[in-house]
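A.B. asks: So for the sequence shown, this note's numbering puts the first residue at 46; every next one is plus one. Structure provided below as structure tokens; questions to follow.
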Amino acid sequence: MSTDRKHISKTLRFEVFKRDSFKCQYCGAEAPNVLLHIDHIKPVAAGGTNDLTNLITACLPCNLGKRDVPLNDQVAVSKARAQMDELQERREQLELMMQWRESLRDLDQEVVERLAQYWHKYTPGWSLNDNGKQSIKKWLQQFSADEICKSMDSSATSYLKFNGDGKVTEESWVTAFDKILGICRVNRASRTDPDIKQLYYIRGILRNRIPGYFDDAKALQYLKNARSWDVPIDCLSELARSVKNWSQFSAGIGEAIQKMKAELGEGDEQL
Ligand SMILES: [Zn+2]
């Protein structure tokens, strides 16, 4: 029955396995736990080709399950030989999979190095140590390289300071590097909530103005709450520039919301 199955080259098999992450695409079984095969989505007998798009990774049970003709029982000797062949094939697949995993890991490390270089361009004279690179690696679990580059751009512009001979000061270098992750977060949040960037900014003003007690999370919550009642951004930023302590701020937010409620005709009973 295998006479009409077209031969698939090792390279092509490897391409299909890599694309499918060395996993059976029907049941999820993985190399090296199972021996992987290549399945034709459209059978060769029905005119299916060896095109990458017609090939899929499958374990033996799944591959057989798709066939209309079951394999014939084999004699013991050829079964034993088949087992040896299978063992050898599994070793090769393990080796290929490990190579592939290693190349992915190398690529991850390359991305970290490239981002470190990108940051270095902003801060000649300073270079990132292993801890710094470790941080970048962590950021990459949450953010894309592109998002991190954009944050580096903003952070460099906003926080780097230079001394007399044009060198980035150590203090500003540390601050700017520390801000990159936060900027990534704000940028992403502001894509889903266009207000948030301005609210963060207003909170920054408040934080600078209000001595003593200040709750970051609560402040943002108050501002968001005010926005949910359509209190204008300008109004909030004016309020931020006029208050001197936390209770003035929270009272001011309350008043602003009451004003909006009154305009909506919802009166005081909503207090
Ligand atoms: Zn399977």
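Glycine included, C-beta positions come from ideal geometry on N, C-alpha and C. What you are looking at is a predicted structure, and each value in this text was computed from that prediction instead of being measured.
Answer yes or no: do Arg-248 and Leu-268 have a C-beta to C-beta separation smaller than 8 Å?
C.D. replies: Result yes, Cβ atoms of Arg-248 and Leu-268 sit closer than 8 Å.
A.B. asks: Between Ala-161 and the rest of its own chain, which residues show a CB-CB distance below 6 Å, the 5 nearest in sequence each way excluded?
C.D. replies: Contacts found: Leu-173 and Lys-178.
A.B. asks: Closest to Gln-133 by CA distance: which of Ser-180, Thr-220 and Val-79 is it?
C.D. replies: The shortest C-alpha separation from Gln-133 is found at Val-79.
A.B. asks: Identify whether Ala-74 lies in helix, strand or coil by the three-state DSSP scheme.
C.D. replies: Of the three classes helix, strand and coil, the one that applies to Ala-74 here is coil, per DSSP.
A.B. asks: By alpha-carbon positions, which one of Ile-193, Phe-207 and Asn-208 ends up nearest to Cys-229?
C.D. replies: The candidate whose alpha carbon is nearest that of Cys-229 is Ile-193.
A.B. asks: How is the alpha helix (DSSP H) around Cys-69 delimited, first residue to last?
C.D. replies: Cys-69 -> no alpha helix (DSSP H), and no H or E assigned at all.
A.B. asks: For Cys-69, tell me which candidate among Asn-108, Ala-307, Asp-96 and Lys-182 has the shortest Cα-Cα distance.
C.D. replies: Taking only the C-alpha atoms, the option nearest Cys-69 is Asn-108.
A.B. asks: Since I believe Ser-200 is in contact with Lys-224 (beta carbons under 8 Å), could you give me their beta-carbon distance rounded to a whole number of angstroms?
C.D. replies: Indeed they touch by this definition, with Cβ atoms about 5 Å apart.
A.B. asks: Rounded to whole angstroms, what's the CA-CA distance from Lys-206 to Val-288? Just pull it up for me.
C.D. replies: Each residue's Cα considered, the two are about 30 Å apart.
A.B. asks: Does the separation of the CB atoms of Gly-170 and Val-231 fall below 8 Å?
C.D. replies: Against a cut-off of 8 Å, the Cβ pair of Val-231 and Gly-170 comes out as no contact.
A.B. asks: Take every Cβ of the segment 269-288, pair it with every Cβ of the segment 301-309, and state whether three or more of those distances are shorter than 8 Å.
C.D. replies: Counting Cβ pairs under 8 Å, three or more are found: they touch.
A.B. asks: Let me know the beta strand (DSSP E) ranges lying completely inside the segment 217-247, each 3 residues or longer, listed in chain order.
C.D. replies: You should have found no qualifying run.
A.B. asks: So is Met-197 buried or exposed if we call it buried at 16+ other beta carbons inside 10 Å?
C.D. replies: Counting Cβ neighbours within 10 Å, Met-197 comes out buried, since at least 16 surround it.
A.B. asks: I'd like the list of long-range same chain contacts for Tyr-167, defined as Cβ closer than 6 Å, with 5 residues on each side in sequence excluded.
C.D. replies: Excluding residues within five positions, the ones whose Cβ falls inside 6 Å are Ala-201.
A.B. asks: Which of the three DSSP states is assigned to Phe-188 in this structure?
C.D. replies: Looking at Phe-188 - three-state DSSP - the assignment turns out to be coil, as it is neither helix nor strand.
A.B. asks: Cα separation between Pro-239 and Ser-180?
C.D. replies: C-alpha separation (whole angstroms): 28 Å.
A.B. asks: Could you tell me the alpha carbon to alpha carbon distance between Asn-99 and Arg-150, rounded to whole angstroms?
C.D. replies: Each residue's Cα considered, the two are about 29 Å apart.
A.B. asks: Sort out for me which residues DSSP pairs Ile-83 with in a bridge.
C.D. replies: Thr-102, per the DSSP bridge assignment.
A.B. asks: Can you tell me the Cα-Cα spacing of Gly-73 and Ile-101, whole angstroms?
C.D. replies: One C-alpha to the other measures close to 12 Å.
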